[in-house]
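**Q** Protein chains in written order, with my numbering: chain W, 6 to 115; chain Y, 30 to 144. Ideal placement from N, C-alpha and C gives every residue a C-beta, glycine not left out. This is the structure I have questions about; it appears just below.
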């Protein structure tokens with residue numbers, strides 16, 4: 006069935022470092038792809054999305070490009086901040102549902 | 030505009046007791062989802078509704094879990110009897126018409142501990 010695999014965490018970086026969180030997917034057809042973020046003590050919230058191949062989603066300095074040839078949707082940010090510390094979930098949609106990866110915890114050190 | 034509202038925020042109960050979790054979706058949203066989050070399993074979809082009708086409950090242990098949506102602004106997830114393995118954070122999420130598979134708005138969650 007459809008699934009999402011993302012790199013295991015935790016990922017620990019210093020402030021202003023470059024961030025990459027890898028995500029690959031398995032799906033029939035061409036689903037939309039998402040990154041959701043969960044800040045401590047809160048529910049998930051949509052960070053960005055891409056609905057077709059070669060689309061780039063972006064928000065708050067984060068970017069991810071829908072790569073059909075490598076079935077990937079890696080999350081990147083050029084300069085992370087302490088406030089970016091959170092759990093990041095890669096996801097895809099199927100029917101009326103969203104299928105989430107297991108999440109990657111990100112720690113940013115000041 | 031109020032987001033998804035869940036209550037209680039925290040619940041501690043003893044094994045065998047009944048637990049009821051409540052959710053109020055965002056007004057106008059017609060999709061409602063219940064998820065369970067644990068360290069081991071991650072985020073699991075238990076059940077979801079569209080226009081108050083159950084669309085898929087294949088992720089929900091039906092011997093002890095039940096979910097209802099009596100009206101468009103209220104849903105419950107009931108566990109009876111509760112077991113320690115039910116300890117988790119339970120999230121409710123809602124989506125606007127036509128966006129069930131695009132954008133979901135999550136509530137703050139209910140942290141359940143079953144002793």
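Answer yes or no: do residue 62/Y and residue 121/Y have a C-beta to C-beta separation smaller than 8 Å?
**A** A contact, by the Cβ cut-off of 8 Å.
**Q** Among residues of its own chain, excluding the 5 on either side of residue 16/W, which ones have a beta-carbon nearer than 8 Å to its beta-carbon?
**A** Here the set comprises 24, 26, 109, 110, 111 and 112.
**Q** Can you tell me where the beta strand (DSSP E) with residue 79/W in it begins and where it stops?
**A** No beta strand (DSSP E) contains residue 79/W, which DSSP labels as neither H nor E.
**Q** Given that a residue counts as buried once 16 or more other Cβ atoms are within 10 Å of its Cβ, and exposed if not, what is residue 58/W?
**A** Looking at its Cβ environment, which holds fewer than 16 other Cβ atoms inside 10 Å, residue 58/W is exposed.
**Q** Classify residue 70/Y as buried or exposed, calling it buried when 16 or more other Cβ atoms lie within 10 Å of its own Cβ.
**A** Result: exposed.
**Q** Any C-beta of chain W sitting closer than 8 Å to the C-beta of residue 131/Y?
**A** Taking Cβ atoms only, chain W reaches closer than 8 Å to residue 131/Y, which makes this a yes.
**Q** Check the DSSP bridge columns for residue 11/W and list the partner residues they point to.
**A** Beta-bridge pairing links residue 11/W to 28/W.
**Q** With distances taken from CA atoms, which of 68/W, 44/W, 19/W and 46/W is nearest residue 53/W?
**A** Of the listed residues, the one whose Cα sits closest to residue 53/W is 68/W.
**Q** Check residue 88/W in the structure and name its three-state DSSP category.
**A** Here residue 88/W sits in helix by DSSP.
**Q** Compare the C-beta of residue 72/Y against all C-beta atoms of chain W and say whether one is closer than 8 Å.
**A** It does; some Cβ of chain W falls within 8 Å.
**Q** Looking at chain Y, is there any beta carbon in it that lies within less than 8 Å of the beta carbon of residue 78/W?
**A** Chain Y, which has no Cβ nearer than 8 Å to the Cβ of residue 78/W, makes this no.
**Q** When the Cα atoms are used, what is the spatial distance from residue 42/W to residue 96/Y?
**A** Residue 42/W and residue 96/Y: Cα-Cα distance of roughly 26 Å.
**Q** Report yes if the C-beta distance between residue 46/Y and residue 111/Y is below 8 Å; otherwise report no.
**A** Taking 8 Å as the Cβ cut-off, residue 46/Y and residue 111/Y qualify as a contacting pair.
**Q** Would you mind sorting residue 58/Y into buried or exposed? The rule is 16 or more other CB atoms within 10 Å of its CB.
**A** Classification for residue 58/Y: buried.
**Q** Note down, in chain order, every chain Y residue with its Cβ under 8 Å from the Cβ of residue 105/W.
**A** Residues of chain Y passing the Cβ test: 71 and 72.
**Q** Give every residue of the same chain whose Cβ lies closer than 7 Å to the Cβ of residue 44/W, excluding the five residues on either side of it in the sequence, and list them in chain order.
**A** Result list for residue 44/W: 91, in chain order.
**Q** Looking at the unbroken beta strand (DSSP E) that takes in residue 56/Y, where does it start and where does it end?
**A** No beta strand (DSSP E) holds residue 56/Y; DSSP gives it neither H nor E.
**Q** Please name the residue, chosen from 41/Y, 43/Y, 52/Y and 42/Y, that lies closest to residue 32/Y on a Cα-to-Cα basis.
**A** Nearest option by C-alpha distance: 52/Y.
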